[in-house]
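Each remark here refers to the structure printed beneath this line.
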Amino acid sequence: MAGTVIDASASDKSPAESAGSAPEQDAVFAVRKLWKVFGPKADKVPGDASLTDLSAQELREKTGCTAAVRDVSFDVKKGEVFVVMGLSGSGKSTLVRCLTRLIEPTSGDLEMDGEDVRGMDKSSLRELRRHRAAMVFQHFGLLPHRSVLDNVAYGLEIQGVGKAERRARAMEMVEKVGLGGLEQRRPGQLSGGQQQRVGLARALTVDPEILLFDEPFSALDPLIRRDMQEEVIRLHKEEGRTMVFITHDLAEALLLGDRIALMRDGKIVQLGTPEEIVGSPADDYVRDFVRDVPREQVLTVRRAMRPAESGEADEGAALAPDTLISDAIEAVARSGGAARVVEDGRCLGVVDHACLLNVVARLDEGGPAEEEAAA
Numbered sequence: 521m522a523g524t525v526i527d528a529s530a531s532d533k534s535p536a537e538s539a540g541s542a543p544e545q546d547a548v549f550a551v552r553k554l555w556k557v558f559g560p561k562a563d564k565v566p567g568d569a570s571l572t573d574l575s576a577q578e579l580r581e582k583t584g585c586t587a588a589v590r591d592v593s594f595d596v597k598k599g600e601v602f603v604v605m606g607l608s609g610s611g612k613s614t615l616v617r618c619l620t621r622l623i624e625p626t627s628g629d630l631e632m633d634g635e636d637v638r639g640m641d642k643s644s645l646r647e648l649r650r651h652r653a654a655m656v657f658q659h660f661g662l663l664p665h666r667s668v669l670d671n672v673a674y675g676l677e678i679q680g681v682g683k684a685e686r687r688a689r690a691m692e693m694v695e696k697v698g699l700g701g702l703e704q705r706r707p708g709q710l711s712g713g714q715q716q717r718v719g720l721a722r723a724l725t726v727d728p729e730i731l732l733f734d735e736p737f738s739a740l741d742p743l744i745r746r747d748m749q750e751e752v753i754r755l756h757k758e759e760g761r762t763m764v765f766i767t768h769d770l771a772e773a774l775l776l777g778d779r780i781a782l783m784r785d786g787k788i789v790q791l792g793t794p795e796e797i798v799g800s801p802a803d804d805y806v807r808d809f810v811r812d813v814p815r816e817q818v819l820t821v822r823r824a825m826r827p828a829e830s831g832e833a834d835e836g837a838a839l840a841p842d843t844l845i846s847d848a849i850e851a852v853a854r855s856g857g858a859a860r861v862v863e864d865g866r867c868l869g870v871v872d873h874a875c876l877l878n879v880v881a882r883l884d885e886g887g888p889a890e891e892e893a894a895a
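Numbering-wise, the numbering used here comes out as the position in the sequence shown, counting from 1, plus 520.
What follows is the structure, given as structure tokens:
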């Protein structure tokens, strides 16, 4: 999650440039040139070059259509937390619903584990939603007349699993999300955070390959919200389950995401690691979005390091390349000199007070490439 090392090969490609590339071998979801257009003759919009470049307002005025998702392409890798972030109306919630065809895409290619999701019949789609992908929504959708345990077991009940087996599995998930002892309570007897834990447990109970979160914590109080974010981090560390997380909150995206797709007006304007988004914003919109982010809490020494001078590669404190700038500042202050950036026994470069402060003060221009630092 936070502290992911920059993938330089990925950062060299814009979302548009990577749109035609083949899906990665470990991709759970592979999305190519996906559109969702609402309105009359919506299916005509994606294939009409005179319409695809129009702004959202121009498209509405000319056709009466709204393009909620516009020519979007990305892969979700197995085991990663893939965050889709954007302001209200950016298309992020429509996009996540397109992944399982809760909303039908207008055009484009959509695969899950190499299978054509858009070509699935009703039976295959039902199997995908019941067994392979589970959603956690902002509004919990709990059954008020059922206990916590029976709410958590509901997905297994729909699958036809026997009562004893589903209740045993549900109880395991109740314990996993920290609700042990509350399993016989009704949803109305729980706090908002506890209700969201029930929703999370219900999704986990069916043992899905991928969890889809649609702004699940946005209605919670700040402290409860942070607890739930930590719960997601803990569960991901324990299980390594693939997650797609929708949010409008940049801090939440940076905390949870291995990679972040930032959307605006239905398009992905930048896709990258938290470090890439904060350290190398693609345009003024992204730059404005991340302006107030404490860079030292997101960027790593790989970005800040400089080439080692004579003698520096063999002495001084050793830091891993994904050490945060904030931690490196403390290490350099303690040592009183430059610290080495070391990976697999090889010195990639060094960091000192000057280069660390350059990053914090935004005086860096992208950071040295690893090859330059190692030269």
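We put the beta carbon where it would ideally sit given N, CA and C, even for glycine.
Values in this document were obtained by computation on a predicted structure and should not be read as measured data.
Keeping to the same chain, check which residues put their C-beta closer than 6 Å to that of residue i; ignore five residues upstream and five downstream.
| i | result |
| --- | --- |
| Ala-840 | none |
| Ala-902 | Since the first and last residues shown for the chain are 521 and 895, residue 902 lies out of range. |
| Val-548 | Val-596, Lys-598, Ile-730, Thr-762 |
| Cys-875 | Ala-824, Arg-826 |
| Ser-529 | Residue placement at Ser-529 cannot be trusted, given a pLDDT of 36 that sits under 50; what the coordinates show is reported in the next sentence. Counting only Cβ-Cβ distances below 6 Å, and skipping sequence neighbours, we find nothing. |
| Lys-683 | none |
Please classify residue i: is it buried, with 16 or more other beta-carbons within 10 angstroms of its beta-carbon, or exposed?
| i | result |
| --- | --- |
| His-756 | buried |
| Glu-578 | exposed |
| Lys-556 | buried |
| Tyr-805 | exposed |
| Ile-678 | exposed |
| Glu-703 | buried |
| Pro-707 | buried |
| Asp-803 | exposed |
Could you compute how far the alpha carbon of residue i sits from the alpha carbon of residue j?
| i | j | result |
| --- | --- | --- |
| Leu-883 | Thr-843 | 20 Å |
| Val-880 | Ala-773 | 20 Å |
| Arg-815 | Leu-877 | 10 Å |
| Ala-522 | Leu-819 | At Ala-522, the pLDDT of 40 sits below 50, so the modelled position is not reliable and the matter cannot be decided from this model. |
| Thr-583 | Lys-553 | 21 Å |
| Ser-575 | Met-605 | 20 Å |
| Leu-770 | Phe-809 | 8 Å |
| Ala-673 | Gly-559 | 39 Å |
| Leu-615 | Ser-711 | 30 Å |
| Leu-607 | Pro-742 | 19 Å |
| Asp-785 | Gly-701 | 45 Å |
| Leu-868 | Glu-835 | 13 Å |
| Glu-751 | Gly-760 | 13 Å |
| Pro-625 | Glu-863 | 44 Å |
| Ala-654 | Gly-865 | 42 Å |
| Ala-588 | Arg-717 | 30 Å |
Spatial neighbours of residue i within its chain, please: C-beta separation below 7 Å, excluding the five flanking residues on both sides.
| i | result |
| --- | --- |
| Leu-645 | Arg-621 |
| Arg-745 | Phe-737 |
May I ask which residues mark the beginning and end of the alpha helix (DSSP H) holding residue i?
| i | result |
| --- | --- |
| Lys-598 | That residue, Lys-598, is in no alpha helix (DSSP H); it is neither H nor E in DSSP. |
| Val-557 | Per DSSP, Val-557 belongs to no alpha helix (DSSP H); it is in the beta strand (DSSP E), 547-558. |
| Asp-973 | Since the first residue of the chain shown is 521 and the last is 895, residue 973 is not available in this structure. |
| Gly-713 | 712-725 |
| Leu-776 | 770-776 |
Residues in its own chain within less than 8 Å of residue i by CB, not counting five upstream and five downstream?
| i | result |
| --- | --- |
| Ile-623 | Lys-556, Thr-614, Arg-617 |
| Pro-801 | Gln-790, Arg-807, Phe-809, Val-810 |
Which partner residues of residue i appear in the DSSP bridge assignment?
| i | result |
| --- | --- |
| Ser-738 | According to DSSP, which records beta bridges pairwise, Ser-738 is partnered with nothing at all. |
| Met-825 | Met-825 pairs with nothing; no bridge assigned. |
What is the residue span of the beta strand (DSSP E) that residue i lies within?
| i | result |
| --- | --- |
| Gln-790 | 787-792 |
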